[in-house]
Amino acid sequence: MSLGFVFPGQGSQAVGMLGEIAHRFEVIEETFNEAGEVLGLPLWQLVQDGPQERLNQTEITQPVLLTASTALWRAWRSEGGPAPQVLAGHSLGEYSALVCADALSFRDAVGLVHQRGKLMQQAVPRGEGAMAAILGLEDDVVSGCCDAVEGVVSPANFNAPSQVVIAGTASAVAAAVAKCSETGARRTVELQVSGPFHCALMEPAKIGFAEALDAVSLQMPSIEVIHNVDAKAATDLSDLRSKLLEQMALPVQWSNCMRAMIEQGVDQLVECGAGKVLAGLLKRIDRSTPVHNIDSAAAFEEALRTL
13 MSLGFVFPGQ GSQAVGMLGE IAHRFEVIEE TFNEAGEVLG LPLWQLVQDG
63 PQERLNQTEI TQPVLLTAST ALWRAWRSEG GPAPQVLAGH SLGEYSALVC
113 ADALSFRDAV GLVHQRGKLM QQAVPRGEGA MAAILGLEDD VVSGCCDAVE
163 GVVSPANFNA PSQVVIAGTA SAVAAAVAKC SETGARRTVE LQVSGPFHCA
213 LMEPAKIGFA EALDAVSLQM PSIEVIHNVD AKAATDLSDL RSKLLEQMAL
263 PVQWSNCMRA MIEQGVDQLV ECGAGKVLAG LLKRIDRSTP VHNIDSAAAF
313 EEALRTL
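Structure below.
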């Protein structure tokens with residue numbers, strides 16, 4: 013068996029998440045309390061009680077999901093769960109992967125993604141940007157539809173075959189959605205997000221984030237991490253920092269990340285985080301590779317028994 017772990021990004025947050033499994037593992041709430049100390053926020057209370065609107069604010073969402081993944085990883089390892097051979101994280105989830113691979117300390121990562129969220133939120137005034145999911149068109153067709161309209165719009169997430177998310181200015185995204193519909197998209201869905209992530213509009217955010225990234229200590233991962241920008245592992249620390257910085261304004265190559273893991277021989281996957289978003293995407297990428305979710309006590313125990 014060759015095991016891979018994947019870590020979700022924004023969109024997996026929900027009020028009450030991990031509440032049930034926290035009764036089984038004390039480390040869940042302890043990890044949230046540790047993150048809360050870094051941020052000066054009652055993070056566990058916010059996650060359990062909401063409101064959802066606060067949880068959906070990018071500067072809160074990012075540390076919350078990082079913390080959820082780290083907490084589940086700590087529980088998994090403390091229970092004797094096997095270590096994976098390779099890791100990958102979707103967007104923000106890449107930081108969860110780096111924490112679990114000992115490349116970045118948890119406390120540093122909490123502060124870093126909190127700042128990342130603020131900078132991404134500030135890069136585009138609320139309401140001026142948008143994101144939309146396009147279902148039923150090939151990647152290059154969606155790219156062509158974006159190129160065919162005026163304004164800033166481009167693919168932001170290549171999530172799975174025939175499932176691409178686009179991002180840009182609100183008007184350009186609307187025009188690209190219309191173009192995709194005319195071209196034969198099965199469905200289009202405007203996403204309820206707080207900014208147009210992973211596109212050229214995030215370039216201003218990279219300036220401040222470069223300073224924040226330089227201020228934290230990075231090490232080469234102890235477990236291989238496949239990166240979003242090119243579906244490859246970093247070759248050195250300079251390459252690692254570059255990939256994290258470029259990720260803000262370049263599309264997430266998730267389909268290619270998953271294919272890279274499978275080509276390396278990964279035949280079992282664990283989604284280490286809240287929800288089942290990545291498990292759903294993998295069914296579209298490679299239905300033959302099993303994915304285990306560990307965000308409930310029953311699922312956690314089942315994954316331990318199986319793996």
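Taking this note's numbering, the leading residue of the sequence shown gets 13, the next gets one more, and so forth. Cβ coordinates follow ideal geometry from the N, Cα and C atoms, glycine included.
Bridge partner(s) assigned by DSSP for residue i
i           : result
residue 166 : 179
residue 305 : 283
residue 143 : 179
residue 172 : 175
Residue range of the unbroken alpha helix (DSSP H) whose run includes residue i
i           : result
residue 118 : 118-135
residue 34  : 31-34
residue 38  : 38-51
residue 101 : Not the alpha helix (DSSP H): residue 101 falls in the beta strand (DSSP E), residues 98-101.
residue 269 : 266-275
residue 229 : From DSSP, residue 229 is part of no alpha helix (DSSP H); its letter is neither H nor E.
residue 91  : It is not in any alpha helix (DSSP H) - residue 91 carries neither H nor E in the DSSP assignment.
residue 158 : 151-159
residue 206 : That residue, residue 206, is in no alpha helix (DSSP H); it is neither H nor E in DSSP.
residue 291 : 289-297
residue 61  : 55-61
residue 111 : 105-112
Proximity winner among the options, relative to residue i (alpha-carbon distances)
i           : options            : result
residue 28  : 17, 318, 41        : 41
residue 211 : 239, 182, 192      : 182
residue 98  : 245, 266, 298      : 245
residue 34  : 286, 314, 301      : 286
residue 224 : 24, 132, 93        : 132
residue 123 : 100, 17, 76, 168   : 76
residue 167 : 239, 186, 143      : 143
residue 14  : 130, 141, 236      : 236
residue 37  : 22, 70, 85         : 85
residue 297 : 194, 176, 180      : 176
residue 301 : 279, 309, 317      : 279
residue 43  : 80, 18, 164, 20    : 80
residue 233 : 22, 102, 63, 111   : 111
residue 135 : 207, 82, 45        : 207
residue 217 : 254, 129, 109      : 129
residue 60  : 202, 25, 299       : 25
residue 191 : 172, 204, 165      : 165
residue 173 : 310, 293, 22, 19   : 293
residue 155 : 140, 139, 179      : 179
residue 89  : 284, 66, 149, 260  : 284
residue 56  : 66, 45, 63, 96     : 45
residue 259 : 209, 312, 186      : 209
residue 230 : 249, 309, 243, 270 : 249
residue 281 : 95, 243, 137, 251  : 95
Helix, strand or coil at residue i according to DSSP, with G and I counted as helix
i           : result
residue 247 : coil
residue 11  : There is simply no residue 11 to check, as the chain begins at 13 and stops at 319 in what is shown.
residue 186 : helix
residue 19  : strand
residue 315 : helix
residue 76  : helix
residue 24  : coil
residue 211 : coil
residue 138 : coil
residue 67  : helix
residue 220 : helix
residue 262 : coil
residue 310 : helix
residue 300 : coil
residue 83  : helix
N- and C-terminal bounds of the beta strand (DSSP E) containing residue i
i           : result
residue 13  : Per DSSP, residue 13 belongs to no beta strand (DSSP E) and is neither H nor E.
residue 202 : 199-202
Nearest-angstrom beta carbon gap, residue j and residue i [assumed within contact, 8 Å]
i           : j           : result
residue 307 : residue 228 : In fact, because the Cβ distance is near 27 Å, the residues do not count as touching under 8 Å.
residue 104 : residue 74  : 5 Å
residue 240 : residue 106 : 6 Å
residue 262 : residue 221 : Residue 262 to residue 221, Cβ: 13 Å. No contact.
residue 170 : residue 265 : 6 Å
residue 273 : residue 93  : Actually they do not touch by this definition, with Cβ atoms about 18 Å apart.
residue 195 : residue 157 : 6 Å
residue 83  : residue 116 : In fact, because the Cβ distance is near 16 Å, the residues do not count as touching under 8 Å.
residue 198 : residue 141 : That belief does not hold up - the Cβ atoms of residue 198 and residue 141 are roughly 25 Å apart, past 8 Å.
residue 203 : residue 291 : Actually they are not in contact, since the Cβ atoms of residue 203 and residue 291 sit about 19 Å apart, beyond 8 Å.
Any chain B beta carbon closer than 9 Å to residue i
i           : result
residue 102 : The structure shown has no chain B; it contains just one protein chain.
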